[in-house]
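Positions in the sequence shown are counted from 1; adding 1 to them yields my numbering.
These notes are about the structure you will find just below.
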Amino acid sequence: MSEPVVLKNSLTVLIVATLQAVAPAVIAVGSLYGVLVLYEVPLDQRYHSMAVLVALLALLLPRPPRTFQSQFHTTAVPIAMGVVARWMALLVVLLVIGYATKFSAHYSRRAMATWALLGPALIVVVTLALHEIMRRFLLDPANARRTVLAGCTESSLALAKRLSRASEFGMEVVGFFDDRGAERLGINGEVQLLGKLSDLAAYVGENDIEVIFIALPVKQVARVMDLVEELRDTTASIYYLPDLLLFDLIQARSIVIDGIPAVSMCETPFFGYRAIAKRVTDVLISASVLILAAPLMILIAILVRLSSPGPVIFRQRRYGLNGEEIIVYKFRTMTVTEDGASIAQATKSDPRTTRIGRFLRRYSLDELPQLINVLRGPMSLVGPRPHAVAHNETYRKLIKGYMVRHKVKPGITGLAQVNGLRGETRTLEQMEARVRYDLEYLRNWSFELDIEILLKTAVRVFNDGKAF
């Protein structure tokens, strides 16, 4: 198995992974300056230029693909050899550039020789330390996801044993569901039967089950499809053992867990380092925009306060990742701040909208505080738009697969919004179309798609007739 089924979001993982990526460059440059100071070499422009080049090379030189599996099974020797190999490549590039530019004679040979030996030693030590920190964190039982298996078969029993033995897979097996009793199955007390297959969906919703493996025989394909439909109203990740059949798959990918094949039938696109990379992107962009837009946001806050009685910031409960409630921030644009069991959607020429509110909604300026949600973590820049809790509870009963859109963080903008499905949804068909785009985003996510959506959103801000 090259990746865990999914890694729970964690600031620790983000920090350690970032350090793993930048540590070689930081150490290479830091050790260079340290050696120069030690030998009292004047720090002129030549050495500053060299430091920039060293940093770029340390960041850009190819590295072996880092997977979560490598955090457990890669030993110290291969890691150290990889560091030394990349360091040698870095030195070769520097020597070639120095020879081609005739600048090599201007550098202190003693300082460069010391740095060439000291640099890789320091990088190896720090790399091994970060590798061990990440490994220990991933093995922490607190990161394990609660898992059940539907169908007590030879494959599912073997999978359960492997998951119980190997904590690096990050799953805690709670038990099995099967229509047959323990006597008929011939199992001992070590296997926990939790109920019949018809009890599965209710149990998952009531007991915070996060991963489900369906292990029914291929001849029971109709029953498998029924189970998948019953589980659509949950946010659990669903896998099928062992055959891939024609289902409406979300992020379908095959995995092998210690020799046992499984196929994801409904999974988030942000597993492993994809989640970390998207989070880093969200933090960098949202922080930059908040800094640049701070004066404008202060002005808007003053205008909202003067426009009508009420708070400047409108807070509303919505559903976020895995269907958990989050609080979404927006500039108040109406005379009301509804957040109850029944919420009326905003309409064109809505009498509840204030004068400044109409302007803010027209150019999406009321959305700016949601960048705080992105920076804090409950939201992303791009993803399915979050709906009010009251609307979610209505539509999850009417639209199949509605809750699957919560397999990712909600976004300030999304694929549905740039395809004309922004604003009021008057009919069930309009909401169904929005959900179809949301699920298409989950199936086809890529960084290129996120960038395309952000660019289209920027264009639509100025010519979107559905912004009101």
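In this text, a Cβ means the ideal position worked out from N, Cα and C, and glycines have one as well.
As the structure is a computational prediction, the values presented were derived from the model and not from experiment.
Could I get the ranges of all uninterrupted beta strand (DSSP E) runs contained in the region 224-297, with 3 residues as the minimum, in chain order?
Runs found: 238-241, 255-258, 261-267.
Nearest to LEU140 by alpha carbon, out of ASP179, LEU60, VAL14, MET113?
VAL14
Taking the alpha carbon of LYS401 as the reference point, which residue from ASP227, ASP259, ILE301, VAL313 has its own alpha carbon closest?
ASP227
Cα separation between ALA26 and VAL127?
Roughly 12 Å between the two C-alpha positions.
N- and C-terminal bounds of the beta strand (DSSP E) containing GLY176:
172-178
LEU195 and GLY176 closer than 7 Å at C-beta:
yes
Provide the residue span of the beta strand (DSSP E) that contains GLN317, from first to last.
314-320
Report the CB separation of ILE413 from LEU382 in whole angstroms; it is logged as a contact under 8 Å.
Here ILE413 really is in contact with LEU382; their C-beta atoms are around 6 Å apart, less than 8 Å.
Could you tell me which whole alpha helix (DSSP H) segments of length 4 or greater appear in the region 361-399?
371-377, 390-396
Grab the span of the alpha helix (DSSP H) containing ARG110 for me, first residue to last.
110-139
Excluding the 5 residues preceding and the 5 following GLN371 in the sequence, name in chain order all residues of the same chain whose CB lies nearer than 8 Å to its CB.
Taken in chain order, the residues that qualify are VAL329, TYR330, LYS331, MET380, ILE413.
Measure from the alpha carbon of PRO385 to the alpha carbon of each residue in LEU422, ASP259, ARG377, ARG362, then state which is nearest.
Measuring from the Cα of PRO385, the nearest candidate turns out to be LEU422.
Taking C-alpha atoms, which residue in SER365, ARG146, TYR48 lies nearest to PHE104?
TYR48
With a cut-off of 8 Å on the beta carbons, I'd call VAL436 and ARG397 a contact; round off their distance for me.
The pair is not a contact, with the Cβ atoms about 10 Å apart (cut-off 8 Å).
Report the rounded CA-to-CA distance for ILE303 versus ARG363, giving the unit in angstroms.
18 Å
Report yes if the CB atom of ALA112 is closer than 7 Å to the CB atom of VAL53, and no otherwise.
no
Determine the contact status of THR393 and TYR320, defining contact as a CB-CB distance below 7 Å.
According to the sequence as given, residue 393 is Asn; it is not Thr. Cβ atoms of ASN393 and TYR320: closer than 7 Å.
Got a sec? Which residues, its chain only, sit under 6 Å from THR115 by beta carbon, not counting five neighbours each side?
VAL36
Reference PHE131, options LYS162, TRP88, ASN144, ALA81, closest by Cα
The identity of residue 131 in the sequence shown is Leu, whereas the question assumes Phe. Residue ALA81 is the option with its Cα nearest to LEU131.
Between which residues of its own chain and ARG87 is the CB-CB distance below 6 Å, once the five residues before and five after are set aside?
So the list reads LEU62, once near-sequence residues are dropped.
Label TYR100 either buried or exposed according to how many other C-beta atoms from any shown protein chain fall within 10 Å of its C-beta, with 16 as the threshold for buried.
exposed
Identify whether LYS457 lies in helix, strand or coil by the three-state DSSP scheme.
helix
Do VAL55 and VAL38 count as a contact pair if the criterion is CB distance below 7 Å?
no
Okay, do the region 219-226 and the region 250-257 touch, 3+ Cβ pairs below 8 Å being the bar?
no
Three-state secondary structure (DSSP) of GLY311
coil
According to DSSP, is LEU15 helix, strand or coil?
Of the three classes helix, strand and coil, the one that applies to LEU15 here is helix, per DSSP.
For VAL409, does the three-state DSSP call read helix, strand or coil?
coil
Sort ALA122, THR102, LEU123, ILE134 by Cα distance to THR19 and report the nearest one.
ILE134
Taking only the alpha-carbon atoms, compute the straight-line gap between LEU369 and ARG318 and give it to the nearest angstrom.
17 Å
Less than 7 Å between C-beta atoms, sequence neighbours within five positions excluded: which residues of the same chain meet that for MET172?
VAL6, ALA145, ARG146, THR148, LEU164, VAL212
Extent of the continuous alpha helix (DSSP H) to which ALA159 belongs
155-166
Could you have a look at LEU20 and say whether DSSP puts it in helix, strand or coil?
helix
Can you tell me where the beta strand (DSSP E) holding ILE215 begins and where it ends?
212-215
Could you please give me the residues that DSSP links to LEU194 through a beta bridge?
PHE177
Does DSSP put ARG147 in a helix, a strand or coil?
It is a strand residue.
Just to confirm, is the Cβ distance from THR334 to ASP367 under 7 Å?
yes
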